[in-house]
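Q: The structure follows.
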Amino acid sequence: MSSKTLRLTQPDDWHLHLRDGETLSTTVPHSSRTFARAIVMPNLKPPVTTVEQALAYRQRIISHIPKGRSFEPLMTLYLTDKLDAEEVQRAYDEQCVHAIKFYPAGATTNSESGVAELECVYPAIEKMAELGLPLLIHGEVTDDHIDIFDRERVFIDNVLSPLTQKFPKLKIVLEHITTKEAVDFVNSQGDNIAATLTPHHLLLDRNDLLAGGVKPHYYCLPILKRSSHRSALIEAATSGSPKFFLGTDSAPHAIETKETSCGCAGIYSAHAALEFYAEIFEAANALDKLEGFASFFGADFYKIPRNSAKITLSKNPLSVPAEYIFGDSTVIPMRAGETVSWSIEETT
Ligand code: NCD
Ligand code: ZN
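Per this note's numbering, residue 224 is the first one in the sequence shown, and the count goes up by one each step.
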């Protein structure tokens with residue numbers, strides 16, 4: 224008996240951490256197995272802050288693409304106090320740079336160089352609004368006294384909302400949203416404001432992280448929220464609205480930096496990303512909405528052509544190994560040692 228199949232236009236990943244050096248030989252083959260293109264996050268150590276650095280990083284990524292595959296890394300710059308309007312113009316003129324990433328200083332992994340006061344970079348943002356170059360936002364405040372579960376909501380009220388009023392034409396992607404408030408905010412805005420959704424925030428809630436023992440491999444930022452928020456995210460992802468599209472935020476860390484007394488934030492999902500999303504959409508009875516979310520809406524927002532290649536998923540379980548090699552260490556992937564109910568059959 225043949226199993227159920229699903230044929231889609233090849234998808235793109237609109238939020239991805241590939242890291243650098245030897246670890247690219249794990250991350251690039253995994254992402255390029257599924258995705259034609261990916262928006263590559265710039266939070267290396269040191270961060271990618273200039274067009275020149277972005278182009279050099281792009282070459283290092285390209286050198287790890289397995290033979291016979293095509294994969295286009297869409298580069299981003301890390302917004303620092305030093306980014307000026309000229310560098311934004313250079314980024315725009317350089318066809319390989321597609322967006323600028325804003326991390327509030329100290330919000331997450333390698334965000335020490337982030338921006339403390341957005342006012343300092345208004346000239347750069349003004350230029351982005353003028354050119355239509357998207358600002359990608361890690362939407363969490365960093366104030367110590369704000370509860371970690373409230374940081375996205377407070378960011379929307381105190382930072383994002385005023386920013387959209389000051390720059391009404393600025394294209395913004397609110398990355399890896401985790402709350403009903405974020406869904407409502409994005410829905411209340413014009414076409415220039417969109418959001419990415421990760422597989423982990425659609426599949427997991429804070430009980431998965433904390434109940435019955437702490438699971439460091441489910442620790443990520445923004446932190447997993449209560450299940451009612453997860454339901455709002457699923458509704459957004461499967462709504463067919465072009466404001467919500469796929470961004471894995473696959474963020475690998477070596478095992479010893481996760482299983483420790485102060486572990487890093489980030490979940491590795493690139494090895495089975497599309498398969499996870501297929502599970503989510505199937506459970507929501509919305510497989511017919513997967514192609515828009517995974518393959519159309521992101522490209523349309525970034526104003527780049529949709530892919531023409533096709534990918535076929537089948538309802539055959541994919542076994543996830545217990546670990547992958549990661550440089551001179553290992554990384555524990557999401558669903559390690561278990562199965563995902565869909566797998567990729569072919570890409571043509
Ligand atoms: C990301 C990382 O490890 O680079 N971690 C995470 O928990 N998502 C950074 C980020 O996107 O916040
Ligand atoms: Zn990220």
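Backbone N, C-alpha and C fix where the C-beta goes; we use that ideal spot for every residue, glycine too.
#1: Among Phe258, Glu245, Arg230, whose alpha-carbon lies nearest the alpha-carbon of Leu239?
#2: Could you check how far apart the C-beta atoms of Thr401 and Asp472 are, in whole angstroms? I think they sit under 8 Å.
#3: Mind reading off the beta-carbon distance from Ala495 to Val437? Whole number of angstroms is fine, and I expect it under 8 Å.
#4: Could you have a look at Glu310 and say whether DSSP puts it in helix, strand or coil?
#5: Taking Val563 as the reference, give the member of Phe378, Gly521, Glu498 with the closest Cα.
#6: Strictly by DSSP, which residues pair up with Ser552?
#7: Measure the CB-CB distance between Gly355 and Lys394 and report whether it falls below 9 Å.
#8: Which one or two residues does DSSP pair with Tyr525 in a beta bridge?
#9: Would a C-beta distance cut-off of 9 Å place Thr204 and Lys538 closer than the cut-off?
#10: Spatial neighbours of Lys268 within its chain, please: C-beta separation below 6 Å, excluding the five flanking residues on both sides.
#11: Should Leu397 be counted as a contact of the ligand NCD given a C-beta to heavy atom distance under 8 Å?
#12: Alpha carbon to alpha carbon, how far is Pro296 from Val263? Give it in angstroms, no decimals.
#13: Which of the three DSSP states is assigned to Phe519 in this structure?
#14: What does DSSP give as the partner residue(s) for Lys533 in the beta ladder?
#15: For the candidate residues Gln312, Glu363, Ile555, Ala506, whose alpha-carbon lies nearest to that of Ala379?
#16: Flag Glu502 as yes if its beta-carbon sits less than 9 Å from any beta-carbon of chain D, otherwise no.
#17: Less than 8 Å separating the Cβ of Asp472 from some heavy atom of the ligand NCD?
#18: What three-state label does DSSP hand Tyr326 in the structure shown?
#19: Give me, in chain order, the residues of the same chain whose beta-carbon lies closer than 7 Å to that of Ile589; leave out the 5 immediate sequence neighbours on both sides.
#20: Per DSSP, which residues does Phe390 bridge with? Please list them.
#21: Consult DSSP for Ile288 and reduce its assignment to one of helix, strand or coil.
A: Put simply:
#1: If you number the sequence shown from 1, residue 239 lands on position 16. Closest option to Leu239, Cα to Cα, is Phe258.
#2: For the purposes of this step, residue 401 is taken as the residue at position 178 of the sequence shown. For the purposes of this step, residue 472 is taken as the residue at position 249 of the sequence shown. Not confirmed; about 10 Å, so no contact.
#3: Along the sequence shown, read from residue 1 onward, the residue named residue 495 stands at position 272. Along the sequence shown, read from residue 1 onward, the residue named residue 437 stands at position 214. Not quite, the Cβ-Cβ distance comes to about 23 Å (not below 8 Å), so this is no contact.
#4: Here residue 310 refers to the residue found at position 87 of the sequence shown. Assignment of Glu310 by DSSP, reduced to helix, strand and coil, places it in the helix class.
#5: Within the sequence shown, numbered from 1, the residue matching residue 563 stands at position 340. Minimum Cα distance to Val563 is reached at Glu498.
#6: What you label residue 552 is simply residue 329 of the sequence shown in a count that begins at 1. Per DSSP, Phe549.
#7: The sequence position of residue 355 within the sequence shown is 132, counting from 1. The sequence position of residue 394 within the sequence shown is 171, counting from 1. Contact flag set, yes.
#8: Within the sequence shown, the letter at position 302 stands for residue 525. Tyr525 is not bridged to any residue.
#9: This structure does not reach residue 204, given that the chain is present from 224 up to 571, and the question cannot be answered.
#10: Looking up residue 268 in the sequence shown gives position 45. Asn333.
#11: Translated into positions along the sequence shown, residue 397 becomes position 174. Outside the cutoff, so no.
#12: Taking the sequence shown and counting its residues from 1, one reaches residue 263 at position 40. Taking the sequence shown and counting its residues from 1, one reaches residue 296 at position 73. One C-alpha to the other measures close to 6 Å.
#13: Stepping through the sequence shown from its first residue, residue 519 is reached at position 296. Note: Phe519 maps to helix in three-state DSSP.
#14: On the sequence shown, residue 533 is found 310 positions in, with the first residue counted as 1. According to DSSP, Lys533 bridges with Thr232.
#15: As a first step, residue 379 is located in the sequence shown; it is residue number 156 there, counting from the start. One detail in the question is off: residue 379 reads as Ile in this sequence, not Ala. Among Gln312, Glu363, Ile555, Ala506, the Cα nearest to that of Ile379 is on Glu363.
#16: No chain D appears in this structure, which consists of one protein chain only.
#17: The count along the sequence shown starts at 1 and reaches residue 472 at position 249. Under cutoff, so the answer is yes.
#18: Position 103 of the sequence shown, counting from 1, holds the residue named residue 326. DSSP places Tyr326 in coil when its eight states are reduced to three.
#19: With the chain covering only 224 through 571, there is no way to say anything about residue 589.
#20: Within the sequence shown, residue 390 is the residue found at index 167, counting from 1. DSSP output for Phe390 lists no bridge partner at all.
#21: Within the sequence shown, the letter at position 65 stands for residue 288. Note: Ile288 maps to coil in three-state DSSP.
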